[in-house]
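These notes concern the structure reproduced below.
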Amino acid sequence: DTGVSQDPRHKITKRGQNVTFRCDPISEHNRLYWYRQTLGQGPEFLTYFQNEAQLEKSRLLSDRFSAERPKGSFSTLEIQRTEQGDSAMYLCASSPTAGPLEKTQYFGPGTRLLVL
Amino acid sequence: DQQVKQNSPSLSVQEGRISILNCDYTNSMFDYFLWYKKYPAEGPTFLISISSIKDKNEDGRFTVFLNKSAKHLSLHIVPSQPGDSAVYFCAANSGYALNFGKGTSLLVTP
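Sequences listed follow chains A and B, in order. The first sequence begins at 12 in my numbering and counts up by one. The second sequence begins at 311 in my numbering and counts up by one.
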């Protein structure tokens, strides 16, 4: 299966701890996106990369959130000093940069974060 | 502000009948629209999409209709099957970010 993968699938942490999530996109996709989904809402865009360049990060929720994609392949999303309000599903998606599917984003299974 | 709205939180349909899920948007700059299906504890799965230059796109049992003047799109599922029971999200692409509605929970009963 060559879909988007995310690790871990579930994370429980205590308030104030740092957490890091990993996303591996579909191998031929250059663009990678992070979203957050809370209960009863649709996914909310956070940031995106084209190859290793982070082209949009103004919608990261606070300066406690950061993302990297150092080699243009996998990406990590880090949340520092977690708060209970950070509890959500964190979704990663990828898309190609050209072709008929360039505007279609394919999502991974998500990482469910619970901050106690 | 919610630029994509799904005003029906839930819908129940009998197996074999048509399911119609609706979506409205406010931003006329959106040029590509998508429907995703989501099961609990899983990521959204892409179903079907439509470009703003078209008014209909069909893929098997799924058809999406776009009415640009009304800023409205709909997803038709015919015939509906119990396995279609899930939450359906409408999304609009504004260049890179997808803007999602809050979803409609579809229940297909035998």
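Glycine included, C-beta positions come from ideal geometry on N, C-alpha and C.
(1) At least one CB of chain B closer than 8 Å to the CB of residue 36/A: is that the case?
(2) Considering only DSSP beta bridges, list what residue 349/B is partnered with.
(3) According to DSSP, residue 104/A sits in a beta bridge with which residue or residues?
(4) State the DSSP-derived secondary structure class of residue 311/B, mapped to helix, strand or coil.
(5) With C-beta atoms as the reference, is residue 331/B less than 8 Å away from residue 414/B?
(6) What residues of chain B sit near residue 56/A, judged by a beta carbon separation below 7 Å?
(7) By Cβ distance, which residues of its chain are closer than 7 Å to residue 336/B, with the 5 residues on each side in sequence left out?
(8) For the structure I just gave you, are there three or more beta carbon pairs, one from the stretch 339–349 of chain B and one from the stretch 389–401 of chain B, closer than 8 Å?
(9) For residue 35/A, tell me which candidate among 88/A, 127/A and 108/A has the shortest Cα-Cα distance.
(10) Between residue 319/B and the rest of its own chain, which residues show a CB-CB distance below 7 Å, the 5 nearest in sequence each way excluded?
(11) For residue 352/B, which residues in chain A fall below 8 Å Cβ to Cβ?
(12) Quick one: what does DSSP say residue 324/B is sitting in, helix, strand or coil?
(13) From the DSSP output, read off the bridge partner residues of residue 56/A.
(14) Does the pairing of the stretch 49–67 of chain A with the stretch 78–85 of chain A give three or more beta-carbon distances under 8 Å?
Let me lay it out:
(1) no
(2) For residue 349/B, which the question treats as bridged, DSSP gives no partner whatsoever.
(3) 44/A and 118/A
(4) coil
(5) yes
(6) 407 and 408
(7) 313 and 381
(8) yes
(9) 88/A
(10) 414 and 415
(11) 120 and 121
(12) strand
(13) 46/A
(14) yes
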